[in-house]
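Chemist: The listed protein sequences derive, respectively, from chains Y and X.
Using this note's numbering, the letters of the first sequence correspond one by one to residues 1 to 121.
Using this note's numbering, the letters of the second sequence correspond one by one to residues 122 to 242.
Just so you know, even glycine gets a beta-carbon here, dropped at the ideal spot from N, CA and C.
A quick note: this is a predicted structure, and the numbers were derived from the prediction, not measured.
There are 2 protein chains.
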Amino acid sequence: MASHDITERERGARCCADGVTLSLSMAEAQQVSDDLHVLGHPVRLLILDVLAQYAGKVCVCDLEAAVPVKQPTVSHHLRLLREAGLVDAERHGPWMYYFIRHEALEALRSRITRMLALFEG
Amino acid sequence: MASHDITERERGARCCADGVTLSLSMAEAQQVSDDLHVLGHPVRLLILDVLAQYAGKVCVCDLEAAVPVKQPTVSHHLRLLREAGLVDAERHGPWMYYFIRHEALEALRSRITRMLALFEG
DNA sequence: ACAACATATTGACAATCTTCAATATAGATG
DNA sequence: CATCTATATTGAAGATTGTCAATATGTTGT
């Protein structure tokens, strides 16, 4: 084989050549990653699903009925959703009524959508 | 207070009343949750970002340069992405060239988008 | 065959997440 | 105030995840 023939090594010569550019900063990646984490649990998805249907009228016992975990676990997931700003709650007598914070959910949705769009051909 | 007045307890009387309906099945919630997990790490997001820009031309060393973790960790994340079907790779000489599987990414994107749409007012 | 390189795998460790029983808090009722 | 109900918090145990050093595997050029 003549030395000017293209070898495997030469063909791959682009490899590791110049600096790879990113359209996502580390901070953005971290933010979206946090977003995805909050959503990334079946129980939390089901909770949001219920909340979306019975806007402003859902007490914890309704949520307990909808998911296959015990009450302290429901409470735990509600706290995570609340800390993420996706839901909030009001007390009415003995009950807590949870509801979706639509602006926050919309913002999160838009961040995720924008990120997914980056990956499209 | 007359006994027919609305008490806190009565006002909340809807609580726990009838069966709450879900538009998401447990299996669907689990599927989307898995989807979100694969995406839910900054390093994997950055990897997908790079792959999206240099379609079919990215060797592992390029990816190593783009993310703040060591080579075995890059390899680990690539494996997760691959097992999820989101990327695949071809060997060219000593190098592995990774690329996005766009149909798979599109399917995932559509599942996530559909789910987020459920939660909109 | 050997040396040099690119990538994958293994194994270990630390950190984080999920769950639940037990317990605490808070409001409503008698 | 005593008690009941609804929800939150605590603490502990197990599972999962992220990371890397060390090592293995596979490829190329000598």
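Can you pull the chain Y residues whose beta carbon is under 7 Å from the beta carbon of L201 (chain X), in chain order?
Modeler: Ordered by position in chain Y, no residue passes the 7 Å Cβ test against L201 (chain X), which lies about 14 Å from the chain.
Chemist: Taking only beta-carbon positions, decide if R230 (chain X) is within less than 9 Å of chain Y.
Modeler: Taking Cβ atoms only, chain Y reaches closer than 9 Å to R230 (chain X), which makes this a yes.
Chemist: Sorted by chain position, which residues of the same chain lie with C-beta nearer than 7 Å to A66 (chain Y)'s C-beta, five sequence neighbours on each side aside?
Modeler: L46, V50.
Chemist: Roughly how many whole angstroms lie between the Cα atoms of V87 (chain Y) and Y218 (chain X)?
Modeler: So the two alpha carbons sit approximately 43 Å from each other.
Chemist: Helix, strand or coil for E106 (chain Y), going by three-state DSSP, please let me know.
Modeler: Residue state, collapsed to three classes: helix.
Chemist: Exposed or buried, A117 (chain Y), counting other C-beta atoms within 10 Å across all chains shown (16 or more means buried)?
Modeler: Classification for A117 (chain Y): exposed.
Chemist: DSSP three-state call for H41 (chain Y): helix, strand or coil?
Modeler: In the structure shown, H41 (chain Y) sits in coil (DSSP, three-state: anything other than H, G, I, E or B).
Chemist: Does the Cβ of H125 (chain X) have 16 or more other Cβ atoms within 10 Å, making it buried, or fewer, making it exposed?
Modeler: With a pLDDT of 36 at H125 (chain X), under the threshold of 50, the modelled position of this residue cannot be trusted, and the question is left open.
Chemist: So, at 8 Å on beta carbons, what are the nonlocal neighbours of R165 (chain X) in its own chain, with the 5 sequence-adjacent residues on each side left out?
Modeler: Counting only Cβ-Cβ distances below 8 Å, and skipping sequence neighbours, we find V159, H198, L201, L202.
Chemist: Mapping the DSSP letters down to three states, classify V208 (chain X) as helix, strand or coil.
Modeler: Strand.
Chemist: At a CB-CB cut-off below 7 Å, which residues of chain X make contact with P72 (chain Y)?
Modeler: Ordered by position in chain X, no residue passes the 7 Å Cβ test against P72 (chain Y), which lies about 18 Å from the chain.
Chemist: Classify V74 (chain Y) as helix, strand or coil using the three-state DSSP reduction.
Modeler: Helix.
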